[in-house]
């Protein structure tokens, strides 16, 4: 089964029986392999052997997904009332092998894990690999200015007056920052607002770590705080103590994404993605851009040097520790064809190439400034959209084979397991056991998880409105089970237990009020949409000692399966015409607003205005929810096909208006028959039930490929 489309004629080369698109072959043979002193012929023979071994198993796993879904569809359709009974559902799911027996108690055995993952708690960024500027911003988000984060956002009431620096806003920022210092690094007898310099009366002198010039470095809950003292600075010269800024250790880790946040549909796109990853692993990625009429060049930050009290030197990382998120098991790529002429599973190619490139970091072959990623000698790959322990075990064996190909020690390649599919949630302990010696990460992904919840139980009945999903019983069980199962499997101190994205980058006050729930839940990382958000979210990890919290809840029982298996359907609800139209419009606007950029411009993740013109970070996971929800309501007669068509046309006009200032934008309203973006959005709904597990990638790739061929 081929789930991708080559966009244009690309010459190819034969390599060990594989047909490799020339851009990919040249990239590997000219830019990657020589620097690693790896023989190209031997490399390609090994690659061919991996595909020969794992591609058939990959296909079999996808066929197993389809067979299970067909069985669930038939069971739900035969008796929807029975499907609503969690105990009946559990018995059925065990009968068909969807649920597997719980493993005996065990603890993960992962070793050589960097501190940012194992023993520190802090924010995490996810960034599209194809945008070099964004990637560099994320890599450099390890340290952030609290003054800047507060001044330029709604984190504090009001806003800065235009026309240069606003002293009133500045005073508000400084007061807040010093109150934060009072909580994280308290002084004895006075507050930071009262300190005028000189001897610093710390309540706990052990918090002082080092200095740089007059600036002071502290540690709290494992995170560093630098109080920048500079009396020549415009802010510092007016401060009683000369404090010019407060820098927080912010995004400890960042995920460089080849999956949900990018639009990579052919060899050209894949090479661009791999090239940026190469620049990160070599430490020499740069991007020049125009800002205010001036050309600026961004590159990776060097490490930070401080003076220790005993006269020695302290070096702290200047960058976030980088994961790379590979593609899941579903998609194939035209960048490489197998010996039978079929497209190669894209996730297998990603595993090979991203690990190969990471060897530049492992061997310290990069930038002369000694920019390193993993100081523990590991490669960190996030693997998304795996369904159950069989697929996790497949990934484990695949990584074994990649290590053997590249001559890496066993378990050099670590894995992050995205807990974002229902079969994984329900079998999470068994999934962790399948990768127990290389796992460094589990993460709840509310968005994809909701999309899979809808698709798995598509035929059980009409789903509750999308906005009510977060209050559904399965969600709280899902979030609680993830943390408690992770702790029971020994992840604390060895791996991350993560939580999902804050999707509203312009609503930082709301984030400050709400996202503290993630560290309180026992999660030692959570996703944020920007470096600024990372700095603000970092304050939550000073409020909550996550590892102490993990000890508090470690003995709590894991919630049972019953709430997790409670399907969020609604029965006997009287839908008004207005209610239906409102829900359809909300979903249709979200679909069109995201798809038009993905298909027409190749933008895989961006801040998209919602139906109320609030900018939200959107990627394929949000699209999966909206398209599946509309398909579900149409399937069960809550909305007719005509209702859906009308909503799409209404919202096409709204999305056109929201993008009126974009010179690259192609209007959809009035052009429904010719707009490939509009047709893609429509197909996601009308063909939604037929898409494998409700995924949006096959249709998006098909239409994006058509746009690239047309253009």
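Numbering (this note's numbering), first residue to last: 18 to 728. The C-beta atom is built at its ideal place from N, Cα and C for all residues, glycine as well. It should be emphasised that the depicted structure is a prediction, and the values quoted were computed from it without experimental measurement.
Exercise for the section: For residue 18, count neighbouring C-beta atoms within 10 Å of its own C-beta (all shown protein chains included) and say buried if the count is 16 or more, exposed if not. Expected result: Only weak support exists for where residue 18 lies, its pLDDT of 39 falling under 50; the value from the coordinates is given anyway. Residue 18 should be labelled exposed.
Problem - Touching by the beta-carbon criterion (3+ pairs, under 8 Å), the region 632-643 and the region 273-280 - result: yes
Handout entry: residue 459 versus 393, 226, 449 and 468, residue with shortest Cα-Cα distance
Key = 449
Practice task
Tell me, please, which residues DSSP counts as bridged to residue 513.
Solution key: 458
Handout entry: For residue 123, the three-state DSSP class (helix, strand or coil)
Key = coil
Exercise for the section: Kindly list the residues whose CB is nearer than 7 Å to the CB of residue 378, restricted to its own chain and excluding five residues on each side of it in sequence; keep chain order. Expected result: 298, 389, 390 and 391
Exercise for the section: Can you tell me the Cβ-Cβ gap for residue 601 and residue 664, rounded? I've got them flagged as a contact below 8 Å. Expected result: 4 Å
Handout entry: C-beta contact flag for residue 441 and residue 396 at 9 Å
Key = no
Exercise for the section: Determine the closest residue to residue 201 out of 431, 660, 568 and 558, with distance taken between C-alpha atoms. Expected result: 558
Problem - Buried versus exposed call for residue 213 [16 or more other C-beta atoms within 10 Å across all chains shown] - result: exposed
Practice task
May I ask you to verify whether the region 395-414 touches the region 340-351, counting CB pairs closer than 8 Å and requiring at least 3?
Solution key: yes
Handout entry: At least 3 beta-carbon pairs within less than 8 Å: the region 526-535 vs the region 238-250
Key = no
Problem - Cα-Cα separation between residue 256 and residue 179, rounded to whole angstroms - result: 23 Å
Handout entry: Where the alpha helix (DSSP H) through residue 442 begins and ends
Key = 439-443
Handout entry: Own chain, CB closer than 6 Å to residue 626, minus 5 neighbours either side, in chain order
Key = 632 and 675
Problem - Secondary structure, beta strand (DSSP E): runs of 3+ residues fully inside the region 133-208 - result: 141-145 and 160-162
Problem - Length at least 3, wholly inside the region 499-552: the beta strand (DSSP E) runs in chain order - result: 513-516 and 542-545
Practice task
Count the C-beta pairs between the region 153-173 and the region 521-529 that are closer than 8 Å, then say yes if the count reaches three, no if not.
Solution key: yes
Practice task
Could you tell me if residue 24 is buried or exposed, where buried requires 16 or more neighbouring beta carbons within 10 angstroms of its beta carbon?
Solution key: Interpretation of residue 24 is limited by its pLDDT of 48, a score under 50 that renders its predicted location unreliable; the figure taken from the coordinates is listed afterwards. Result: buried.
Exercise for the section: For residue 29, count neighbouring Cβ atoms within 10 angstroms of its own Cβ and tell me buried if that reaches 16, exposed if not. Expected result: buried
Handout entry: Runs of alpha helix (DSSP H) wholly within the region 58-129 (minimum 4 residues, chain order)
Key = 97-100 and 103-112
Exercise for the section: Tell me, to the nearest whole angstrom, how far the beta carbon of residue 645 is from that of residue 471; I am working on the premise that it is less than 8 Å. Expected result: 4 Å
Problem - Residue environment, residue 71, which counts as buried when at least 16 other CB atoms sit within 10 Å - result: buried
Handout entry: Host alpha helix (DSSP H) of residue 726 (start-end)
Key = 714-727
Handout entry: For residue 719, the nearest candidate out of 492, 711 and 693 (CA to CA)
Key = 693
Practice task
Please state whether DSSP places residue 362 in a helix, a strand or coil.
Solution key: strand
Practice task
State the Cα-Cα distance for the pair residue 40 and residue 291, rounded to the nearest angstrom.
Solution key: 11 Å
Practice task
Please state whether DSSP places residue 433 in a helix, a strand or coil.
Solution key: strand
Practice task
Note down, in chain order, each residue of its chain lying with its Cβ closer than 7 Å to the Cβ of residue 510, except the 5 sequence neighbours on either side.
Solution key: 135 and 136
Handout entry: Identity of the residues DSSP links to residue 313 by a beta bridge
Key = 306
Problem - Distance, residue 231 Cα to residue 20 Cα - result: Here residue 20 scores only 46 on pLDDT, less than 50, and its place in the model should not be relied on; the value that follows carries that caveat. If I take the Cα positions, the gap works out to 59 Å.
Practice task
Take residue 324 as the anchor and find which of 225, 304 and 364 has the nearest alpha-carbon.
Solution key: 225
Problem - The alpha helix (DSSP H) enclosing residue 568, as first and last residue numbers - result: 563-570
Exercise for the section: Starting from residue 243, follow its DSSP beta bridges and name the residues at the other end. Expected result: 234 and 264
Handout entry: Member of 544, 467 and 716 whose CA lies at the smallest distance from the CA of residue 695
Key = 716
Handout entry: Sheet register partners of residue 634 (DSSP bridge)
Key = 624
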